[in-house]
Amino acid sequence: MASPSPKSPEQSDKSKKYDRQLRLWGDHGQKLLEKSKICLINATALGTEILKSLVLPGIGAFTIVDGEKVTEEDIGSNFFLEETSIGMPRAQAATQGLLELNPDVRGDYIDESPEHVMAHTQDFFNNFTVVIATALPEKVLMPLSRQLWATGVPLVVCRSIGFLGYVRLQIKEHCVVEAHPDNEAPDLRLDKPWPALRTHLDKVDVSSLGTKERSHVPALTILYYYMQKYKEMHGGSLPKTRSEKDELRKMIRTSLPPDGDTSGALEENYEQAVRFVNVCINSIGVSAQIQAILDDERCTNLTSESSSFWIICAALRELVQSEGSLPVRGSLPDMAADTTSYVTLQQLYQRQAQLQAEAVYRRAVQIARSLGQSPDIISEAEVKLFCKHSSELYVLRGNCIADEYQNSSPNIAPYLEDPESLMFYYVILRGLERFISEYNTYPGQFDDQVEPDVLKLKTLIGKLLSEWGCPTPVTSDDRVHEVCRYGGAELHSVSAMLGGCTAHEVIKLITHQYKPINNTFIYDAITSTSATFFL
Amino acid sequence: MTENPDSSQKRWGHLRKVLERPGPFSHPDFEPSSEILDFVMTTCKVLVIGAGGLGCELLKDLALMGFKQLHVIDMDTIELSNLNRQFLFRHKDIGSSKAEVAAAFINKRVKGCQVVPHFCKIQDYDETFYRQFHIIVCGLDSIVARRWINGMLISMLNYEDGTLDQTSIIPMIDGGTEGFKGHARVIVPGISACIDCTLDLYPPQVTYPLCTIANTPRLPEHCIEYVKIIQWPKENPWGTVIDGDDSQHISWIYEKSMERALQFNITGVTYRLVQGVVKNIIPAVASTNATIAAICATEVFKLATSCCVSLNNYLVFNDVDGIYSYTFEYEKKDDCLACSQIPQTLPIKDPNKMKLKNLIELFCESTTYQMKNPGLTTNIDGKNKTLYISTIKSIEERTRENLNKTLVELGLKDGSEIMVVDLTSPNTLIVKLKFLNEDVEMSS
Ligand SMILES: [Zn+2]
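Protein chains in written order, with the UniProt record's numbering: chain A, 1 to 535; chain B, 1 to 444.
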């Protein structure tokens with residue numbers, strides 16, 4: 001079978017293996033993933049579940065830091081530890097188990113406690129893309145949190161206890177280029193067409209088209225035509241209110257040509273034009289969120305340390321200042337039309353997006369140079385992506401866990417007015433941390449100590465609340481009792497749920513796609529509910 | 001009570017704490033004791049349907065939540081593109097049965113666990129097989145299969161004088177994912193909303209109009225569909241139907257699609273897109289599967305142990321923007337096709353105009369029915385009559401001419417009952433026709 005035209009690109013085994021995820025974060029997301037180095041502190045069931053969902057999609061490498069030996073109880077909840085590994089260093093056994101999952105991933109381990117590593121190799125944790133810590137006691141968490149906050153390495157702290165889960169993200173600043181919003185309105189610029197688009201659209205006199213041409217004209221052209229008519233009738237202004245938009249819709253609906261059929265049924269393209277009224281006329285100004293990013297100090301005061309994100313932002317800012325709007329996205333929704341009319345329009349959008357991206361790219365390179373940075377840090381592909389997604393840019397600013405723990409007046413009281421709020425569990429988990437620091441064991445760890453531990457934990461929580469100036473007794477006794485009942489038990493299915501969620505948060509941090517949580521996630525498996533708080 | 005040394009092992013200390021201690025949030029029926037874990041380990045039989053992305057996770061989760069009497073059923077074999085998430089499989093396993101490899105892995109890793117694999121379709125088994133289970137968990141990507149097992153569990157319900165015999169109920173937990181979205185739900189057949197009660201959750205797949213594909217293509221997808229639907233049957237390069245897993249087939253479609261796209265000045269045809277369109281690929285990642293399967297496994301544990309009240313009854317999950325979950329109760333549908341026990345009435349506007357093929361289209365396209373290839377029989381004047389069945393070649397040939405006959409021409413009357421058999425249910429659906437047009441002319 002001779003085939004004159006393009007040969008199929010040979011698909012590598014890697015792209016076949018990762019096919020289902022490449023459709024989500026693309027080859028560029030995968031590349032970042034493959035360059036990443038992840039550190040896991042403590043190979044608990046939760047810890048290995050997180051790493052599992054990172055090793056499978058193909059992170060570059062991981063390192064496990066854990067000074068514990070594998071126990072019988074570990075085997076009962078941790079899938080990556082086997083009966084034969086009891087007594088072995090937990091870091092080593094878990095590393096072996098996880099490496100089996102994906103030959104493309106490298107992994108190593110340090111059979112030392114995190115305290116020891118911190119004390120002996122000061123900057124050890126600074127060399128990772130993300131550090132994940134599970135079951136880490138407060139006294140180690142505090143200095144680690146401070147250290148990583150200072151160096152800008154993201155830290156993810158998680159805990160799984162009984163039916164409860166906790167994930168806390170610490171990151172100073174995180175920039176997202178592709179947020180992948182669920183429903184995005186098309187970016188058509190009909191209210192403010194650039195010259196080439198205007199010239200093209202002005203050429204078509206929709207009302208004088210014959211029946212056949214009429215059924216092939218794209219909805220966009222129809223809408224533009226009646227927008228002009230509307231403007232002529234309304235002193236040059238476009239419909240804003242609902243009734244004004246209804247009027248425009250009516251103009252489109254009642255625009256039957258003299259020879260048209262009178263069945264009252266609109267042709268598909270006219271139906272679409274009517275539907276476009278809502279999404280397409282809203283003036284594409286710059287949203288407050290995006291404006292805030294463009295006006296951010298990091299964008300207006302660039303330094304020789306500025307990242308490519310902020311340099312491109314600065315270049316984008318100049319374009320927005322001169323043109324009054326963000327670059328055109330360059331994509332066109334499908335609409336009933338003949339091929340040529342549609343493709344011509346599409347090419348106009350693509351061309352404009354291309355020109356604007358090139359302008360931003362040239363400017364960004366200049367800026368990088370003027371900052372004394374290598375122009376190579378700006379890639380054309382990155383700028384293109386940036387411009388295409390400029391309406392969804394997102395900058396997350398978190399705060400430091402050590403600051404949260406030392407904050408004497410966290411903003412939690414309003415949540416506690418709702419008796420169902422999962423914020424209660426946050427308070428209890430903070431109490432639990434103190435319990436562990438003070439008694440070196442989990443509350444309820446021993447069968448005969450459950451009741452006494454309930455009292456001890458209540459006292460600790462009471463103290464915390466009074467330190468925070470919260471009215472006591474504000475927490476529910478039942479919940480304290482429930483947490484003591486767990487006695488530090490780690491239920492596999494709860495850890496697996498948190499493991500999946502946390503792994504995806506780490507993937508967000510690595511790929512700069514999708515918005516991560518900010519900053520505390522609580523999961524209650526009893527009620528199958530979850531909540532996110534900013535603390 | 002038999003002696004069970006295993007459940008008292010230190011290894012299961014985590015589970016014992018939540019099962020042997022009283023808790024303020026447990027189910028009203030919960031009485032903490034060591035017997036609960038014994039039941040989970042020795043008696044409670046759980047069937048996992050599907051050994052794919054969710055199934056692998058479910059088996060791991062259940063095995064580590066103490067379940068030992070596990071069965072897994074899956075008709076598929078392992079492919080390279082499974083390995084980014086179906087973590088019980090390795091490169092060397094490609095081509096082997098998913099169910100068998102998954103079962104062997106779990107049995108080796110979790111000592112004492114006895115997963116029994118079934119390398120076949122769920123339709124290959126009948127009620128006697130399904131009756132042995134206490135709980136069924138589904139990790140499926142097919143709506144048809146979900147509906148089929150749902151129908152099976154409903155057909156197994158026992159009603160005595162209109163009262164549901166509680167012991168005939170087998171609860172079903174259903175999970176599903178697509179990219180970073182997913183759901184988990186608990187179905188108590190006959191009591192809470194079933195799969196068919198919520199059929200509007202599964203809108204029929206979007207298809208492109210044929211005239212667009214043939215005459216006015218605009219998107220790369222239109223070009224690919226053209227090659228798939230029009231060019232392939234015409235040129236039939238290998239004399240077979242398209243096999244989405246055959247790279248030669250995909251390459252051919254890719255090349256032809258590129259040609260067509262070039263001809264129309266359309267950009268964006270890629271090999272990946274061709275594969276996606278031809279195979280109708282749904283993106284999938286390890287993390288979402290892990291999350292949804294774990295929520296389902298937790299619900300199995302709750303049902304088996306009564307340690308907490310079950311999810312009531314639907315949870316949606318999405319971690320595109322932060323981590324979002326929402327739990328709500330789906331209502332049972334009063335006239336549900338599968339679980340309502342209410343005879344279905346189908347209003348027919350114009351029986352003189354409606355042809356049998358229109359009726360079949362209605363069964364396939366309406367949100368209420370969403371059938372695949374329904375086979376229709378009826379009873380006319382006490383005699384069984386096959387109206388149309390497409391799945392058996394000889395009957396198809398014999399009944400094909402009925403497709404263009406109107407309902408009246410076929411002898412159907414107001415009140416006639418049509419028996420419908422379809423892949424979406426193991427049960428025959430009886431639909432009573434209600435002719436809205438009273439003045440029915442007799443066929444000439
Ligand atoms: Zn139902």
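Here a beta-carbon is modelled for each residue, glycine too, at the ideal position from N, C-alpha and C.
None of these values were measured; they are calculated from a predicted model.
Would you call residue i buried or exposed, if buried means 16 or more other Cβ atoms sit within 10 Å of its Cβ?
| i | result |
| --- | --- |
| V506 (chain A) | buried |
| H234 (chain A) | exposed |
| R369 (chain A) | exposed |
| P443 (chain A) | buried |
| F435 (chain B) | buried |
| P419 (chain A) | exposed |
| A290 (chain B) | buried |
| C484 (chain A) | buried |
| K383 (chain B) | exposed |
| K458 (chain A) | buried |
Could you spell out where the alpha helix (DSSP H) holding residue i opens and where it closes?
| i | result |
| --- | --- |
| G151 (chain B) | I143 to S155 |
| residue 463 (chain B) | Look at the range of chain B in this structure, 1 to 444, and you will see that residue 463 (chain B) is not part of it. |
| G47 (chain A) | A45 to V55 |
| G175 (chain B) | Counting along the chain, G175 (chain B) falls outside any alpha helix (DSSP H), though it belongs to the beta strand (DSSP E) covering M172 to E178. |
| E396 (chain B) | K393 to T399 |
| I507 (chain A) | H492 to T511 |
First and last residue of the beta strand (DSSP E) that includes residue i?
| i | result |
| --- | --- |
| H183 (chain B) | K181 to I187 |
| R168 (chain A) | L164 to Q170 |
| S325 (chain B) | Y324 to F328 |
| C138 (chain B) | I135 to G139 |
| V431 (chain B) | L429 to F435 |
| P137 (chain A) | From DSSP, P137 (chain A) is part of no beta strand (DSSP E); its letter is neither H nor E. |
| A531 (chain A) | T529 to F533 |
| H118 (chain B) | Q114 to H118 |
| G375 (chain B) | G375 to I380 |
| L40 (chain A) | K37 to I41 |
| T221 (chain A) | First-last for T221 (chain A): A219 to M233, but that is the alpha helix (DSSP H), not the beta strand (DSSP E). |
| N318 (chain B) | Y314 to N318 |
For the candidate residues the options, whose alpha-carbon lies nearest to that of residue i?
| i | options | result |
| --- | --- | --- |
| L99 (chain A) | A:E112, A:L81 and A:G236 | A:L81 |
| V65 (chain A) | A:H28, A:T121, A:R363 and A:W310 | A:T121 |
| E380 (chain A) | A:R362, A:Y394, A:S391 and A:E490 | A:R362 |
| G268 (chain B) | A:V343, A:R430 and A:I377 | A:V343 |
| T377 (chain B) | B:K413, B:V421 and B:S366 | B:V421 |
| E323 (chain A) | A:W194, A:V427 and A:P154 | A:W194 |
| K212 (chain A) | A:E267, A:P414 and A:E271 | A:E267 |
| residue 465 (chain B) | B:V40, B:S287, B:L387 and B:E299 | Outside the modelled stretch of chain B, which goes from 1 to 444, sits residue 465 (chain B), for which no answer is possible. |
Which residues in chain A sit within 7 Å of residue i, going by Cβ to Cβ distance?
| i | result |
| --- | --- |
| H14 (chain B) | E73, G76, S77, A489, E490 and L491 |
| T327 (chain B) | S528 and T529 |
| K60 (chain B) | F79 |
Residues of chain B with a CB under 8 Å from the CB of residue i: which are they?
| i | result |
| --- | --- |
| Y514 (chain A) | F180, D319, V320 and D321 |
| S36 (chain A) | Simply none; closest approach about 15 Å. |
| D478 (chain A) | P24 and F25 |
Which chain B residues sit within Cβ distance under 7 Å of residue i?
| i | result |
| --- | --- |
| D482 (chain A) | What sits at residue 482 (chain A) in the sequence shown is Glu, not Asp. Under the 7 Å cutoff, chain B gives G23, P24 and F25. |
| Q354 (chain A) | Within 7 Å Cβ-Cβ: nothing; Q354 (chain A) doesn't reach chain B, min ~12 Å. |
| K17 (chain A) | L80, S81, L83 and N84 |
| P57 (chain A) | N84, V285 and A286 |
| V450 (chain A) | R21 |
How would you list, in chain order, the residues of chain B whose beta-carbon sits under 9 Å from the beta-carbon of residue i?
| i | result |
| --- | --- |
| residue 540 (chain A) | Coverage of chain A is limited to positions 1 through 535, which leaves residue 540 (chain A) absent and any answer about it impossible. |
At a CB-CB cut-off below 8 Å, which residues of chain A make contact with residue i?
| i | result |
| --- | --- |
| A290 (chain B) | E49, K52, S53, A496, M497, G499, G500 and A503 |
| E57 (chain B) | A496 |
| V18 (chain B) | G162, F163, R485, Y486, A489 and L491 |
Cβ closer than 9 Å: which chain A residues qualify as neighbours of residue i?
| i | result |
| --- | --- |
| C44 (chain B) | Near C44 (chain B) there are no residues of chain A at all, since even the closest Cβ is about 15 Å away, more than 9 Å. |
Unbroken stretches of the alpha helix (DSSP H), 4 residues or longer, contained in the segment 247-285 of chain B = Listed in chain order, they are 247-264 and 271-279.
Unbroken stretches of the beta strand (DSSP E), 3 residues or longer, contained in the segment 144-201 of chain A = You should have 155-161, 164-170 and 173-176.
Sequence ranges, alpha helix (DSSP H) only - wholly within the segment 329-394 of chain A, length at least 4 | Within the segment 329-394 of chain A, the runs of alpha helix (DSSP H) at least 4 residues long that lie entirely inside it are, in chain order, 339-370 and 380-388.
Where in the segment 76-122 of chain A do unbroken runs of the beta strand (DSSP E), each at least 3 residues long, occur, reported from the N-terminal end onward?
-> Runs of the beta strand (DSSP E) inside the segment 76-122 of chain A: 106-110.
Those runs of the alpha helix (DSSP H) which lie wholly inside the segment 5-74 of chain B and span at least 4 residues | With a minimum length of 4 residues, the continuous alpha helix (DSSP H) runs that stay inside the segment 5-74 of chain B are 13-20, 34-38 and 53-64.
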